[in-house]
Amino acid sequence: MTVRVRIAPSPTGNLHIGTARTAVFNWLFARRYGGTFILRIEDTDLERSRPEFTQNILDGLSWLGLNWDEGPFFQSQRSELYRQYLQLLLDKGLAYRAYETPAELEELRSSQKANHQAPRYDNRHRSLTPEQRSAYEAEGRQCVIRFIIDDLREITWNDGVRGQIAWKGQDLGGDMVIARAAPANEIGLPLYNFVVVVDDIAMNISHVIRGEDHIGNTPKQILLYEALGAIVPQFAHTPLILNSSGAKLSKRDGVTSISDFQLMGYVSGAMANYMSLLGWSPPEPMTEQFSLADAATHFSFDRVNRSGAKFDWDKLNWLNSHYLHKLSITQLTDLLIPIWEEAGYEFHRVNERQWLEQLTALLSSSLVRLTDGVDLARPFLAKELEYNESAVAQLRQPQGINSLKYVISQLPDAPLTLEMAQALIQQVVQVQGLKKGLVMKTMRAALTGELQGPDLLESWLLLNQRKVDLKRLEQALMI
RNA sequence: GCCCCCAUCGUCUAGAGGCCUAGGACACCUCCCUUUCACGGAGAAAACGGGGAUUCGAAUUCCCCUGGGGGUACCA
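Each position in the first sequence, counted from 1, maps to that position plus 3 in the numbering used here.
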C-alpha cells in the first residue's frame, strides 16, 4: 500500500489547533506506513488569504515536529490545472453554465424555506437551449459552472473511522457550483470542493484524513472523482475538538492557535502529545505520555474514537508540566532565559549562567508552563522586591523582627553555604526560643516578599550569591 | 426544516457477547513527605442516557426515543 496523505490548511488565520490535530493524524498515519506527508496551502479564497498566515502555519507545523515530505504547494499557483479540468467537465457535458443572479437564487431558497422544504438548487439551467443561453448572455449576465448531480444516485464509502456511510444524491442540494461567476465566455475561479479533488488526484493522495465537518463534502467529491475518471481515495473522518460547551472549537473560544499556545509557554512535545490523545488512544503497553515517533509506530484508525473530544486545559497542563520536568536543567534554562529577558529582568546570560541554572533547578518543580517562570523568578530577578499582604503581616510580628535582627547580626561576610544557613536558623530558634516555623516564615517574607515558594534555604543561598540577602533583611525591618 | 454523524466516571478514554461487582489517565477529595508552595508517594469518590428486541447471558448486536454535534454557500 502506497500511502500519500496531505494536510491542506487555508491561510485565512493562524494555524488552528483543529487543523494541527488533523495534521498530527495525517503525519502519524504517513509515518506508520512509510508514506508521504504533503503540505498544500489552500489559498483559493483571495479575499481572506494572507501571507503572514501562511508563514504562521509553516512555523507552527515545524515547531510541532510535523515535517512534510512534499510541498508546500499553493493552489493559487495552479489555476491553469483547474481551468483545464473545468473545461474537461464542460466538454464532457458533466457540467454546465448557469446564469441565475444571486438574487434569483436567494428568492428560490426563501420560497423553499417558506414551504418547509430543504433549500436546494432546482437545476433549472441544466438543459438550457442555445437560444435561452444567448438571451441570458445578451442581457450581459455572468454565469457560474455547475456540476451535474444525479438525484437518484446513492453514494457510499467505507470511512476509515466510521465505517459505512451512505448519502442520497437528492440530499446534496442540486447541481453544485464548481466555479464562481464570470463573463459568459470565461471560466470563473474554481471552488473548494472542486479544487480539493483536482489536487488530490494530481498529487495521488491515497487517504484523505480530515475533520468530521467534511463528511458532507465527501459524497460530492466522490462524484467529482468519478466524473474525472480518477480512483476514489480512502476517507477517514476524525472527531472534532470541542469547547467546554460541546460545540466545535472556534477562534471565538479564546486561545486556539498553535502560536498562542507556544507564547503561553507550552512546549511542542506536550502539545503534540495532547493533540494525539484527543481522539486517539495508544494501545496497551503504552502510557499516555509519548512522543510523535512513539505514537507513529502504533498508530491506526482502529483506535480513533468516533465522538468529539472536549478540549481540557487541565490535562494539557499536566502533560506540559510533565515534559518540563523531564527536561535537563541546561535545556530548561535555555528555554527560560528568553522568557526572563522578555519580562525585563536584568542579568547576564553568560556570566551568570551557573547561577541561572541553580535558579532553574530551584523553580523547576513548580513549572506548569514556561511562562510561570516569570512570576516564580520575580523575587530573584526583579530589581525591587514586592511584598504581598500576608508577608507584610508576617514582618510586623515583634518576635519575627527580633529573629531577623539576630540573623543580620550573625550573617557572615563570606559566601553562605547550606550548612551555615541551617546552623544560623537553628541558632535563632534556640537563642530566642522561637518556633522554627515562625523563623522560617519570617525569613521567607523578608527575603522573597511572599509566604510561599520553593525551598527557603536554597532561595536564600541564591540571593546571597547575588548579595541582596542582607539588604532585604534590613529592608524588612522597616516594613 | 432537511441530511449526516455521535452517545461509558466532571473531562479524555479502555472495552469489539461471558475475562466487567466496567479498567486507566486528568481534575477533585483524604493521607504521607515537608517551615510553606510545588514535586513525589498512597488511597477514596465517580460512568455504561431511556425503552424495547435478539441471546442461557449485552456496556458490547438490532430497532425506537431522547440528547448532543456537524453540514446544508458563487467560504474553506
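Cβ coordinates follow ideal geometry from the N, Cα and C atoms, glycine included. The model shown is predicted, which means the values in this text are computed figures rather than measured ones.
Asked, Found
"Nonlocal neighbours in the same chain, by C-beta distance under 8 Å from H325, ignoring five residues either side", "A273 and Q292"
"Simplified DSSP state of E73, which is helix, strand or coil", "strand"
"Helix, strand or coil at Q292 according to DSSP, with G and I counted as helix", "coil"
"Contacting residues, own chain, Cβ-Cβ under 7 Å from A101 (five flanking each side not counted)", "H128, C146, V147 and R149"
"Any non-hydrogen atom of the ligand NAD closer than 7 Å to I10 Cβ", "The ligand NAD is not among the ligands present in this structure, which contains no ligands whatsoever."
"For Q237, the first and last residue of its enclosing beta strand (DSSP E)", "Q237 to T241"
"Boundaries of the alpha helix (DSSP H) in which D337 is found, first to last residue", "I332 to E345"
"Selected residue, minimal CA-CA separation from K251, among A312, Q237 and D46", "A312"
"Sequence-distant residues of its chain with Cβ nearer than 8 Å to S284 (five each side left out)", "R306 and N308"
"Sheet register partners of L365 (DSSP bridge)", "According to DSSP, which records beta bridges pairwise, L365 is partnered with nothing at all."
"Burial state of P286 (16 or more Cβ within 10 Å)", "exposed"
"Residue(s) in a DSSP beta bridge with Q167", "N161"
"Minimum C-alpha distance to F77 - residue among L42, E50, S310 and G63", "L42"
"Where the alpha helix (DSSP H) containing I261 begins and where it ends", "I261 to L266"
"Local conformation of H19 per DSSP, three classes", "strand"
"8 Å Cβ cutoff met for E45 and P12", "yes"
"Inter-residue CB distance, Y486 and P193 (contact presumed, cutoff 8 Å)", "It is not possible to answer for residue 486, since the shown part of the chain is limited to 4 through 482."
"Residue closest to P133, alpha-carbon to alpha-carbon, out of Q435, G163, Y99 and M446", "Y99"
"K223, buried or exposed, once every other Cβ within 10 Å from all chains shown has been counted against 16", "buried"
"Three or more C-beta pairs below 8 Å linking the segment 396–415 and the segment 370–383", "no"
"Start and end residues, beta strand (DSSP E) containing M179", "M179 to A185"
"Straight-line Cα distance separating K95 from I158", "21 Å"
"Whole-angstrom C-beta distance between L384 and W483, which should lie under 8 Å", "Absent from the model: residue 483. The displayed extent of the chain is 4 to 482, so no value can be given."
"Rounded C-alpha distance that separates E453 from A396", "11 Å"
"Sequence-distant residues of its chain with Cβ nearer than 6 Å to I181 (five each side left out)", "I148, F150, L194 and F197"
"Cβ-based neighbour list, T47, same chain, cut-off 6 Å, excluding 5 preceding and 5 following", "Q78 and V198"
"Top-ranked residue by Cα proximity to H351, from L227, H328, L421 and R469", "R469"
"Where L175 falls, given that 16 or more other Cβ within 10 Å makes a residue buried", "buried"
"Whole runs of the beta strand (DSSP E) within the segment 180–224, excluding any shorter than 3 residues", "210–214"
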